[in-house]
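Asks: Provided herewith is a single structure, encoded as structure tokens, for subsequent inquiry.
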Amino acid sequence: VVGGDGAKWIGECESYFHKCIYTLDRFHVARDLKRFVGHLPKVWKEARQALARQEPAALMAAVERVPIEAIAPDKREEWTAYQSFLRRHRKHLEDYRKTLEAHGIDTRGMRPMGSAEAQMRVLAKRTKRGGYSWSERGCRAMLETVMRRRQIGRLEEAEEHAVESPQRVVSVRRLLHDAIRPAKGYVDGMIRLLRSQWQSRPTGMALKGLRGY
């Protein structure tokens, strides 16, 4: 599912990705409509409510009823072009979940695109700040925790269901004394640069050239 403002290059996702659903960002549509019909309270209310319900038929009905004389003279040409824009993108104003449901996909728990986009900002901020590095399992656990907290507002500790597991006592002195495995002359680890886009740059290629030494 791809959301966009109607730009041609974003719309090309339908031909690039298989089984792609393209939806028009309602924020951009509402902003443009307000610029044209914001001075018409009844029309603006109908259009805004139709957008909120994601009903393109009701939205187009409200838009088509606006006489050209009701639009500011300096915006009439733009208004005519914008009406054509909305007609072309009529199917992209529908709720993507209806399309998925028509194909037998369970959409429970799925959100409107605007809400999903806002949620992604929260998740990205939590996982990317500070240069954190995550395992796939750890990242999934963190994302689920953030989403659940947003849904219920607070986290409750389920102590009554908690099962205590015996803690193994580890002696640091013994770990330092006993050799776990023979040394190999290097430190096991990962060079972060070789896992990024810099791996094909001169520095990355030079490091790869040292492989085996």
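Residue numbering for the sequence shown follows the working numbering, starting at -3 and increasing by one per position.
Beta carbons: idealized from backbone N, C-alpha and C, even for Gly.
#1: Assuming Q20 and H85 form a contact by the criterion Cβ under 8 Å, report the distance between their Cβ atoms to the nearest whole angstrom.
#2: Taking the beta strand (DSSP E) that T19 belongs to, which residues open and close that run?
#3: Assign P221 to buried or exposed, taking buried as 16 or more other Cβ atoms, counted over all protein chains shown, within 10 Å of its Cβ.
#4: Taking the C-alpha atoms as reference points, what is the distance between G212 and K30?
#5: Using C-beta distances below 8 Å, list every residue in its chain close to A202, excluding the 5 sequence neighbours before and after it, in chain order.
#6: With burial defined as no fewer than 16 other Cβ atoms inside 10 Å of the residue's Cβ, what is the status of W75: buried or exposed?
#7: Mind checking which residues open and close the beta strand (DSSP E) that includes G(-1)?
#8: Go to R218, then tell me how far its alpha helix (DSSP H) extends in each direction, as first and last residue.
#9: Given a cut-off of 8 Å on the beta-carbon distance, is the pair A46 and A54 in contact?
Replies: Per the coordinate set shown:
#1: Going by the sequence as given, residue 20 is Leu instead of Gln. Correct: roughly 5 Å between the Cβ atoms.
#2: Per DSSP, T19 is one residue of the beta strand (DSSP E) stretching across 18 to 20.
#3: Any answer about residue 221 is impossible in this case: the structure gives the chain only from -3 up to 209.
#4: The structure shown does not extend to residue 212, since the chain is modelled only from -3 to 209, so the question has no answer here.
#5: Cβ neighbours of A202 beyond the five flanking positions: none.
#6: Classification of W75: buried, given that the 10 Å Cβ count is 16 or more.
#7: Membership of G(-1) in the beta strand (DSSP E) is indicated by the continuous run -2 to 0.
#8: Past the edges of the chain, shown from -3 to 209, lies residue 218, and the structure says nothing about it.
#9: Contact: yes.
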